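Asker:
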Amino acid sequence: MKKKYGFMMSAVLAAGTLLSACGTGDTNNESSGGGSGGEEGDKNNFKVAMVTDTGGVDDKSFNQSAWEGLQMFGEENGLEEDKGFKYVQSTAASDYQPNLSGLVRDNYDLIFGIGFLMQQDIQAIAQQKPEAQLALVDSVAVNESGDPLENVASITFKEHQGSFLVGVIAGMQTKSNKVGFIGGVDSELIKKFENGFKAGVKSVNPDAEIFEQYAGDFNAAEKGQAIAGTLYDKGADIIYHAAGGTGNGVFTEAKNRAKNGEEVWVIGVDRDQHEEGMPENVTLTSMVKRVDTAVIEVSKQTMDDSFPGGKVTEFGLEEDGVGIAETQENVSEEALKKVEEYKEKIQKGELEVPKTDEEFETFKSSL
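Positions -1 to 365 (the working numbering) are the ones given, in order, by the sequence shown.
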């Protein structure tokens, strides 16, 4: 049934009130590195960059969403690519710190580290270069005492809430009564995706069997394909991935099976991954995480001399920071109605979505 789900983004405006100013830059830095100031001439010279994790800027997921946000910000503010805004790609974890350091040396006004895997390197650079203005996506940068670093804006999301909603869809639309979850790196962050998803499935289908497996990598499509093959062979007809570039292999496996007449589905992550399932049309829906919105908002505030250093901002359903994608041609009217019901409960505080394994077990026992 053809349907567009109204996931309309207001987070750019909503987040503006959430991210309060906390300017910490060294304004003596002539070229940048310490805030661009509010004058038009300074804005024209504003420079912002991001360092990808190993998934790369074309992972069709997390890094790509961040880059799309940075591109949009650059275009809207007349910045020239490679001069006013750019990305630096990391091919290994050992690249993180050199890439960040290089951008600091090049006097970028704001430097994003994309992904929790960069936390230690962001923290090291922030303390070595207190004049630098940094932003960390998906974790909180702290000093040795555990206090937020004043020259780092920390951006987090309530991924478990959005994952719950796609879990509701999976639980209602599985025909085999078996679904799967594939994670990238087994970590506190990805556990939020997993447990939110499983809670959504169980809320509408307590008897559903859920398989979960981790690839140990965000940039290994071949592992994603192999794991997907295993889960589909076990009988799962829907797989939700939270695996970055590794998830591309899940789509490959699903499309290959669809060509052979199997009815299997993939639930995408971070951005609307409908196109990744084409032409076989195997994307059931996607859990959208608006990294692009967060990148735009923090860049805008920094350019306006209101860098939110030392602040931790969390984007959830209420801020339209997470949710389900607008492309909903494969989702039933019944499932979309149920998604709306649960979304309202979560926003009203009537339903607490689990983030950890322990919270999920408690949640499951309460059903």
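For each residue, glycine too, the CB sits at the ideal point set by N, CA and C.
The structure displayed is predicted, hence computed values, not measured ones.
Output the boundary residues of the alpha helix (DSSP H) element that contains Asp231.
Answerer: Asp231 -> alpha helix (DSSP H) spans Ala219 to Asp231.
Asker: Taking the straight line between their C-alpha atoms, what separation do you get for Thr154 and Ile112?
Answerer: Between Thr154 and Ile112, the C-alpha separation is close to 11 angstroms.
Asker: For the alpha helix (DSSP H) that Ser137 lies in, which residues bound it at each end?
Answerer: It is not in any alpha helix (DSSP H) - Ser137 carries neither H nor E in the DSSP assignment.
Asker: Is the beta carbon of Leu68 less than 8 angstroms from the beta carbon of Met48?
Answerer: Taking 8 angstroms as the Cβ cut-off, Leu68 and Met48 qualify as a contacting pair.
Asker: Say whether the segment 98 to 106 touches the segment 50 to 65, bearing in mind that this needs 3 or more beta-carbon pairs closer than 8 angstroms, one atom from each stretch.
Answerer: Too few Cβ pairs lie closer than 8 angstroms, so no.
Asker: What separation, rounded to the nearest whole angstrom, lies between the Cα atoms of Thr50 and Pro96?
Answerer: So the alpha carbons of these two residues sit roughly 12 angstroms apart.
Asker: Around the Cβ of Lys341, are there at least 16 other Cβ atoms within 10 angstroms (buried) or fewer (exposed)?
Answerer: When all chains shown are included, Lys341 counts as buried.
Asker: Taking C-alpha atoms, which residue in Asp290, Val289, His272 and Tyr230 lies nearest to Val262?
Answerer: Comparing Cα positions, the closest option is Tyr230.
Asker: Please tell me whether Glu148 and Lys190 are closer than 8 angstroms, where the distance is taken between their beta carbons.
Answerer: It is not a contact, given that the beta carbons lie outside the stated cut-off.
Asker: Determine which residues share a DSSP beta bridge with Glu79 and list them.
Answerer: DSSP, once it has assigned bridges, lists Phe83 as partnering Glu79.
Asker: Looking at the structure shown, is Tyr106 part of a helix, part of a strand, or coil, going by DSSP?
Answerer: Here Tyr106 sits in coil by DSSP.
Asker: Please go through the segment 113 to 190 and give each complete beta strand (DSSP E) segment of 3 or more residues, from N-terminal end onward.
Answerer: Qualifying beta strand (DSSP E) stretches, in chain order: 132 to 135, 150 to 155 and 176 to 181.
Asker: Let's test the definition: count the other Cβ atoms within 10 Å of the Cβ of Glu220 and tell me whether it reaches 16, buried, or not, exposed.
Answerer: Glu220 should be labelled exposed.
Asker: Go to Thr300, then tell me how far its alpha helix (DSSP H) extends in each direction, as first and last residue.
Answerer: That run of the alpha helix (DSSP H) goes Val289 to Met301.
Asker: Within the same chain, show all residues whose beta-carbon is closer than 7 angstroms to that of Gly72, passing over the 5 residues directly before and after it, in chain order.
Answerer: Only Glu79, Gly82 and Phe83 meet the Cβ criterion.
Asker: Closer than 7 angstroms by C-beta to Phe361: which residues in its own chain qualify, once you throw out the five before and the five after it? Chain order, please.
Answerer: Only Ala197 and Pro352 meet the Cβ criterion.
Asker: Where Thr89 and Thr52 are concerned, what is the direct C-alpha to C-alpha distance, given to the nearest angstrom?
Answerer: So the two alpha carbons sit approximately 5 angstroms from each other.
Asker: State the Cα-Cα distance for the pair Asp303 and Val46, rounded to the nearest angstrom.
Answerer: Asp303 and Val46: Cα-Cα distance of roughly 13 angstroms.
Asker: Using a 10 Å radius around the Cβ and a threshold of 16 neighbouring Cβ atoms, would you call Leu282 buried or exposed?
Answerer: Per the 10 Å Cβ criterion, buried.
Asker: Of the residues Glu316, Ala151, Phe114 and Asp136, which one's Cα is nearest the Cα of Ala124?
Answerer: When only C-alpha atoms are compared, the closest one is Ala151.
Asker: Let me know if Asp355 comes out buried or exposed under the rule of 16 or more other beta-carbons within 10 Å of its beta-carbon.
Answerer: The residue in question, Asp355, is exposed, as its Cβ has fewer than 16 Cβ neighbours within 10 Å.
Asker: When burial is assigned at 16 or more other CB atoms within 10 Å of the CB, is Gln345 buried or exposed?
Answerer: The residue is exposed, with fewer than 16 neighbouring Cβ atoms inside 10 Å.
Asker: Smallest Cα separation from Glu278: which of Leu365, Gly54, Glu317 and Val264?
Answerer: It is Val264.
Asker: Against chain B, does Gln125 count as a neighbour if the rule is that its beta carbon must be under 8 angstroms from one of theirs?
Answerer: Chain labels in this structure do not include chain B; a single protein chain is all it has.
Asker: Alpha carbon to alpha carbon, how far is Thr395 from Glu332?
Answerer: Any question about residue 395 goes unanswered here, given that the chain covers just -1 to 365.
Asker: Could you check the C-alpha separation between Gly314 and Glu251 for me, to the nearest Å?
Answerer: Computed Cα separation, rounded: 31 angstroms.
Asker: Starting from the C-beta of Asp290, find all residues in its chain whose C-beta is less than 6 angstroms away, skip the five residues before and the five after it, and write them out in chain order.
Answerer: Cβ within range, chain order: Ser63, Glu66 and Gly67.
Asker: Once you ignore the five residues that flank Ile225 on each side, which residues in its own chain have a CB closer than 7 angstroms to its CB?
Answerer: Counting only Cβ-Cβ distances below 7 angstroms, and skipping sequence neighbours, we find Ile180, Gln211 and Ala213.
Asker: According to DSSP, Gly321 sits in a beta bridge with which residue or residues?
Answerer: Val286, per the DSSP bridge assignment.
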